[in-house]
Amino acid sequence: MPIRTLVWGENVHEQKNKIVADNYPTGMHNQIASLLSQDSNIVTKTATLQEPEHGCTVEALANTDVLVWWGHAAHGEVADEIVERIAKRVWEGMGLIVLHSGHFSKIFKRLMGSPCALHWREAGERERLWVTNPGHPIAKGLPAYFELEMEEMYGEPFSVPEPLETVFVSWFQGGEVFRSGLTYRRGAGNIFYFRPGHETYPTYHDDTVGLVLRNAVNWAYNENQFPQLLEAPNTPVDQAIEPLVERGPKLHQAGEEGLK
């Protein structure tokens, strides 16, 4: 069954900056979607900040297996209600791939529970990405390292929780290093953060970056969904797995709802 992938783009810089518009004349979200579409197992749709409910309606997310998120200039314009809606879908099992400056997005910070801060420099530096986990599915088909001739520098420390796995570590021409490919799980949802993707450089025209993104979508896909993880039901005594005799004092009487 094809992986239904929604590529979310802020779509702000493309409208205001000629360099970005020249790099991505149809929008960064559409270029990312075109990279993903090279895998016949991935079916893409796109959404942008400017659409009603930012394109992340209940229906759209219900029909999304993996959400790819790129944002930068307008993190604060994403409605909190939509952030919570996306977080719930991740907990249920929807995959999430967060790109570049999306590290500071509301949804990534919500799921990480940390500042997600770093230091940066925009100087067109060479970035060398080392594959630190060559057996990982996201690294399938990659060489020991690959390079992007021009990228924005992100430098450690990166104030995120300790990841499940580190797939890539970057070195920059100025000497800094950065954990640039990190995996997490929140609830039943797989999350991957991938660092490259500054909008004034043609990063999403790079074949190797495209391979990483396609691998990441396949890795993040979860065939099963678990909406019950969002519930906190009471299990009555007569429904216990083993025979059980109720005893001791009770805080709540039958029919009362307790605090969860």
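According to my numbering, the sequence shown is numbered sequentially starting from -9. Glycine is no exception: its CB is placed at the ideal position from the N, C-alpha and C atoms.
Going by DSSP, Phe182 is part of the beta strand (DSSP E) stretching over 179 to 184. Note on geometry: alpha-carbon atoms of Thr16 and Pro(-8) lie some 24 Å from one another. For Thr173, the uninterrupted beta strand (DSSP E) run begins and ends at 167 to 176, by DSSP.
Ile128 and Ala230 do not touch by the CB rule: their CB atoms are close to 42 Å apart, not below 8 Å.
In this structure Val56 is buried. Its beta-carbon is surrounded by 16 or more other beta-carbon atoms within 10 angstroms.
In its chain, beyond the 5 residues on either side, Arg116 have a beta carbon closer than 7 Å to the beta carbon of Glu139. Rounded to whole angstroms, the Cβ separation of Pro192 and Asn13 is 5 Å, and the two are in contact under 8 Å. Between the stretch 23 to 34 and the stretch 67 to 74 there are fewer than three C-beta pairs closer than 8 Å, too few to call the two in contact.
Rounded to the nearest whole angstrom, the CA to CA distance from Arg111 to Gly83 is 35 Å.
Following the DSSP letters along the chain, one finds Phe98 inside the alpha helix (DSSP H) bounded by residues 96 to 102. For Phe98, the closest alpha carbon among the candidates Met143, Ala113, Val80 is that of Val80.
Judged by DSSP in its simplified three-state form, Ser91 adopts helix. With fewer than 16 other Cβ atoms from the protein chains shown falling within 10 Å of its own Cβ, Thr225 counts as exposed.
For Glu221, the closest of Met102, Lys78, Gly66, Asn20 by C-alpha to C-alpha distance is Lys78. Closest by C-alpha distance to Gly85, out of Gly165, Phe182, Lys96, is Phe182.
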